[in-house]
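Chemist: Residue numbering for the sequence shown follows my numbering, beginning at 6 and increasing consecutively.
Ideal placement from N, C-alpha and C gives every residue a C-beta, glycine not left out.
As the structure is a computational prediction, the values presented were derived from the model and not from experiment.
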Amino acid sequence: MKNFILYNPVRVIFGNGESNNVADYVKGLGKKAMIISYEGHDFLNVLLDRVQTSLAANGIETVPFYRIQANPLLCHIREAVEICRAENVDFCIAVGGGSVMDSTKAIAAGVTYPHDLWKMFISRHDCEVAIPPMETLPTVMIPTLPATSSEMNCIAVATNDVTKEKAYIFCPTLYPKISIIDPALTCSLPTFQTVIGAVDAMSHVLEAYLNGDQNSPLQDRLHEGLLVTIMDELRKILKDPTSVEHRANMQWAATLAWNGYIQSGLDAPTPMHQMGHVLSARYNTPHGVTLAIFMDSYFRYCNGNKNRTRRIDRSPNERCRTISYRQNSFEILSYPLRVYSFFWFFITLRRFYKKIRGEFSPRT
6 MKNFILYNPV
16 RVIFGNGESN
26 NVADYVKGLG
36 KKAMIISYEG
46 HDFLNVLLDR
56 VQTSLAANGI
66 ETVPFYRIQA
76 NPLLCHIREA
86 VEICRAENVD
96 FCIAVGGGSV
106 MDSTKAIAAG
116 VTYPHDLWKM
126 FISRHDCEVA
136 IPPMETLPTV
146 MIPTLPATSS
156 EMNCIAVATN
166 DVTKEKAYIF
176 CPTLYPKISI
186 IDPALTCSLP
196 TFQTVIGAVD
206 AMSHVLEAYL
216 NGDQNSPLQD
226 RLHEGLLVTI
236 MDELRKILKD
246 PTSVEHRANM
256 QWAATLAWNG
266 YIQSGLDAPT
276 PMHQMGHVLS
286 ARYNTPHGVT
296 LAIFMDSYFR
306 YCNGNKNRTR
316 RIDRSPNERC
326 RTISYRQNSF
336 EILSYPLRVY
346 SFFWFFITLR
356 RFYKKIRGEF
366 SPRT
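#1: Can you round the beta-carbon distance between LYS37 and ASP107 to whole angstroms, since I take them to be within the 8 angstroms contact cut?
#2: Less than 6 angstroms between C-beta atoms, sequence neighbours within five positions excluded: which residues of the same chain meet that for CYS1?
#3: Roughly how many angstroms separate the alpha carbons of PRO195 and ILE242, rounded to a whole number?
#4: Strictly by DSSP, which residues pair up with SER184?
#5: Per DSSP, what kind of secondary structure is ASN333 in: helix, strand or coil?
#6: Determine the extent of the beta strand (DSSP E) in which LYS171 is found, giving its start and end residues.
#7: Closest to LYS169 by CA distance: which of TYR303, VAL31, HIS282 is it?
#8: Rounded to the nearest angstrom, how far is the Cβ of MET146 from that of PRO138, given a contact under 8 angstroms?
#9: Rounded to a whole number of angstroms, what is the C-alpha to C-alpha distance between HIS251 and TYR71?
#10: Which of helix, strand or coil does DSSP assign to MET39?
#11: Compute the Euclidean distance between the alpha carbons of ASN216 and PRO276, then round it to the nearest angstrom.
#12: Quick check on ALA161: does DSSP put it in helix, strand or coil?
#13: Go ahead and label SER302 buried or exposed: buried means 16 or more other beta carbons lie within 10 angstroms of its beta carbon, across all protein chains shown.
#14: Would you mind sorting ASN63 into buried or exposed? The rule is 16 or more other CB atoms within 10 Å of its CB.
#15: For PRO151, count the other beta carbons within 10 Å of its own beta carbon; 16 or more makes it buried, fewer makes it exposed. Which is it?
#16: Closest to SER371 by CA distance: which of THR260, LEU223, THR247 is it?
#17: For THR67, collect the residues of the same chain with a Cβ closer than 6 angstroms to its Cβ; drop the 5 residues on either side in sequence, then sort them by chain order.
#18: By the 10 Å Cβ neighbour count, where 16 or more other Cβ atoms means buried, how is THR247 classified, buried or exposed?
#19: With 16 other CB atoms within 10 Å as the buried threshold, where does GLY22 fall?
#20: Within the same chain, show all residues whose beta-carbon is closer than 8 angstroms to that of LEU49, passing over the 5 residues directly before and after it, in chain order.
#21: Do the stretch 285-293 and the stretch 218-225 make contact, defined as three or more Cβ pairs closer than 8 angstroms?
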């Protein structure tokens, strides 16, 4: 195990129906809130209305910003920052999945940021050193999709719509003030969103497990427990999508998968995520699908890490052993995800072909 510093100040309120009490939890954060959600938000209208009504009843004015898309764009973050400044917003509330939560963090940090917002982001192609934000407006997360752990980490990912780069901010300033995790909000998720969210959570677990420090037995057991839970709960949810109990188990597992706790001391890189970001930035492929496209081949490549794969084989948990490569029964991708990933794989190839043909075909 390597040296590490663990810090996570997020106040988590977890439970069925807790999203109804948002006004009670945000008291003291300010009198004006920006509510941030998707551009196409019809499926969240009831929840958004309930949040606005609850805040209004407690004297909190709201400024809606419903422009975020999957694979969020820097231009929308810039737009929201200008609105926050003009409206003197006190805090920001995210209602949605990882794209909305990541955008909300970047928006809240951008309000007082003195430089161009793109300078906050690291892993840019220009290789310039990022200038992290030193302060942020308070943020409140109401996640509607278990996947990214954004409700409890200090990471925000976005795509620069001009340069077509997908990069991220990684800074303790970005930790949410409050996360209200209500599993009931996820019971209406379609199969597609449910599965790709689970794949994102599983990829967090497995990238750290396979690429991290080789002498961290406690983290190994924690990773294995999370992986088995996500796999088991996904199967149960696909059979009974409206089960709040199974949805709750999935949501808490996804939150823990990348909130810093089980990664402590591992210092693990995430090459599969970095490859996936390129597909998302260039072809707008959903993040979870990019991971599904790479996952099987990538982890077979990682089979060269014999210490890890042997450890999976020897796991005392029989269900965890089912992911052994040597048994050729790697069960990470369920049947629905295989269908969707192949579907998006060909869409991505088609977009790539059209782009190449457009860039290199003779001009007339």
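Modeler: Reading from the atomic positions:
#1: Wrong, their Cβ atoms sit about 22 angstroms apart, outside the cutoff.
#2: With the chain covering 6 to 369 only, the question about residue 1 has no answer from this structure.
#3: Near 11 angstroms, if we compare the C-alpha coordinates of ILE242 and PRO195.
#4: VAL17, MET146
#5: Here ASN333 scores only 33 on pLDDT, less than 50, and its place in the model should not be relied on; the value that follows carries that caveat. In the three-state DSSP reduction, ASN333 falls in the coil class, being neither helix nor strand.
#6: Here the beta strand (DSSP E) through LYS171 covers 170-175.
#7: HIS282
#8: Not really, about 17 angstroms apart at Cβ, beyond 8 angstroms.
#9: 30 angstroms
#10: strand
#11: 9 angstroms
#12: Annotated three-state conformation of ALA161 is strand, per DSSP.
#13: exposed
#14: exposed
#15: Answer is buried; the Cβ neighbour count reaches 16.
#16: Shown here, the chain extends from 6 to 369; a query on residue 371 therefore has no answer.
#17: ALA38, ILE40, GLN57, LEU60
#18: THR247 should be labelled exposed.
#19: With fewer than 16 other Cβ atoms within 10 Å, it is exposed.
#20: SER42, TYR43, VAL100, GLY101, THR149
#21: The stretch 285-293 makes no contact with the stretch 218-225: fewer than 3 CB pairs, one atom from each, lie closer than 8 angstroms.
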